[in-house]
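If you're matching positions, the sequence shown starts at 1 in full-length UniProt numbering and goes up one per residue. Presented below is the structure to which this report refers.
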Amino acid sequence: MKKLILVLGGSTFMGKELLQDLSQNESYEVHYINRGKNYWNNSVNQITNVYYTYGNREDANDFTTLIRYLSKKLNVGVNGRCWEAVIDFSAFYSKQVKSVYVALRGLCNLYIFISTDSIYDVCKIRQIPITEDQDQRKELQESQKKRESYGHNKLKCEEFLQNYVVEGSFRYVILRLPDVIGPFDDSGRFFALVKWLKQNDKHPIQVDQAVQSEQISLVFSTDVVNCIKYFIQYIPQQNQIYNVCFDETISYIELAQVILNKISDKQLNIKHVVEASKFYPSVDCGIISNKKIKELGIQFTPLMTALEKTIDFFVKEAHNYDAENKAALEKLNRKLNA
């Protein structure tokens, strides 16, 4: 009997890439739940051998009911049948993680929660690069919690798993990702940066001179997918947390120069300002360490190889997508007018 896999979210980018990959593995029966959003004119419902259920996470109780309904429909819980793995791309609040836990405790072998290095912006950092054990909260004022709401809420999701998941109900793996690059990136940030550099002679890239050589952690979408596939295949014996990133780091100026070299023979036009308006990094904490996950034998794509694939897509293909072009241009204009 095929192993059951459930993907929550995943309508685009990493999630879509994961669904495409898993759909080719005859050992798995793959289901996914999301709102059915269509990015890059290429809906996930075009992927064969995966099964779609519409679901919205705004009401946590309704989402619990939906997962229970799907599980019952597939005879999960009958004769030892269970979800081999559940991969959660779309939980941003602890109540959303709780809704999955309530529905799946005792019915799932592994829950993979996609988290972020933004959690370190609300933690006490002792050393750089940041290791996984540096996730103790620091005291924040309400204004700081609001400013760092993404990292604050993602850490609350992690804290729910660490504090409330009962031993034996299911195991979990938390993957903390920095800014993700790759073709079909739906954040609009890389696309907007490419557009900025195409008009760099008129609009200089803004850089804080004091931190212009500061290094950035990034990760390639395909590497994230490969890590998820690894944990599905090799379910850990204990709950685990991993940083997932390239072996190499890069500065914002170096990143801009690499992109510019692909689209122009002009020199990079830089404007030094205080509190520069920029697209990378999206965190202030600093670079993260991937030493722990590397100990598993997982290999990461060379940074320059991943950048070349990403730049090629956004230079040669992305202009064919009207909605994404408009969104990236609007994002750029907000930066230029900030």
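Using N, Cα and C, we set each Cβ at its ideal position, and we do this for glycine too. Source: prediction; values computed, not measured.
When you compare only the Cα positions, how much space is there between residue i and residue j?
i, j, result
"Arg176", "Asp117", "5 Å"
"Ile293", "Gln46", "33 Å"
"Ser143", "Tyr230", "39 Å"
"Tyr32", "Tyr252", "36 Å"
"Asn56", "Gln237", "32 Å"
"Trp40", "Leu332", "19 Å"
"Glu317", "Asp185", "12 Å"
"Leu8", "Lys266", "44 Å"
"Lys3", "Ser27", "6 Å"
"Val102", "Thr64", "7 Å"
"Leu70", "Ala91", "18 Å"
"Thr12", "Val50", "14 Å"
"Glu132", "Leu18", "24 Å"
"Ser94", "Val100", "10 Å"
Tell me, to the nearest whole angstrom, how far the beta carbon of residue i is from that of residue j; I am working on the premise that it is less than 8 Å.
i, j, result
"Leu66", "Trp83", "Not a contact, Cβ separation roughly 14 Å."
"Ile259", "Val194", "6 Å"
"Val180", "Ser149", "Actually they are not in contact, since the Cβ atoms of Val180 and Ser149 sit about 20 Å apart, beyond 8 Å."
"Ile287", "Gln240", "About 21 Å; that fails the 8 Å criterion."
"Gly256", "Ile205", "Per the sequence presented here, residue 256 reads as Ala, with Gly not at that position. Indeed, because the Cβ distance is near 5 Å, the residues count as touching under 8 Å."
Could you pull the DSSP bridge partners for residue i from this structure?
i, result
"Leu288", "Note on residue identity: the sequence assigns Ile, not Leu, to residue 288. Paired residue(s): Ile130."
"Asn34", "Tyr54"
"Phe220", "Ile181"
"Lys3", "Tyr28"
"Ser169", "Answer by DSSP bridge pairing: none, since Ser169 is not bridged."
"Cys108", "Trp83"
"Asn243", "Arg176"
"Gln215", "Ser251"
"Ser118", "Beta-bridge pairing links Ser118 to no other residue."
"Phe113", "Asp88 and Ile174"
So is residue i buried or exposed if we call it buried at 16+ other beta carbons inside 10 Å?
i, result
"Gln199", "exposed"
"Met1", "exposed"
"Leu307", "buried"
"Ala192", "buried"
"Glu295", "exposed"
"Arg171", "buried"
"Ser115", "buried"
"Pro281", "buried"
"Asn290", "buried"
"Asp322", "exposed"
"Met14", "buried"
"Arg137", "exposed"
"Ala338", "exposed"
"Val78", "exposed"
"Pro178", "buried"
"Arg189", "buried"
"Asp121", "buried"
"Ser217", "buried"
"Gln162", "exposed"
So is the beta-carbon of residue i under 7 Å away from any non-hydrogen atom of the ligand FMN?
i, result
"Arg189", "The ligand FMN is absent from the structure shown, which contains no ligands of any kind."
What residue range does the beta strand (DSSP E) around residue i cover?
i, result
"Gln206", "Ile205 to Val207"
From what residue to what residue does the alpha helix (DSSP H) around residue i run?
i, result
"Phe92", "Phe92 -> no alpha helix (DSSP H), and no H or E assigned at all."
"Gln267", "Where Gln267 is concerned, there is no enclosing alpha helix (DSSP H), given that its DSSP letter is neither H nor E."
"Ser143", "Glu142 to Arg147"
"Leu329", "Asp322 to Leu336"
"Trp40", "Note, Trp40: premise wrong, no alpha helix (DSSP H); not H, not E."
"Gln20", "Phe13 to Leu22"
"Tyr69", "Ala60 to Lys73"
"Asp312", "Leu303 to Lys316"
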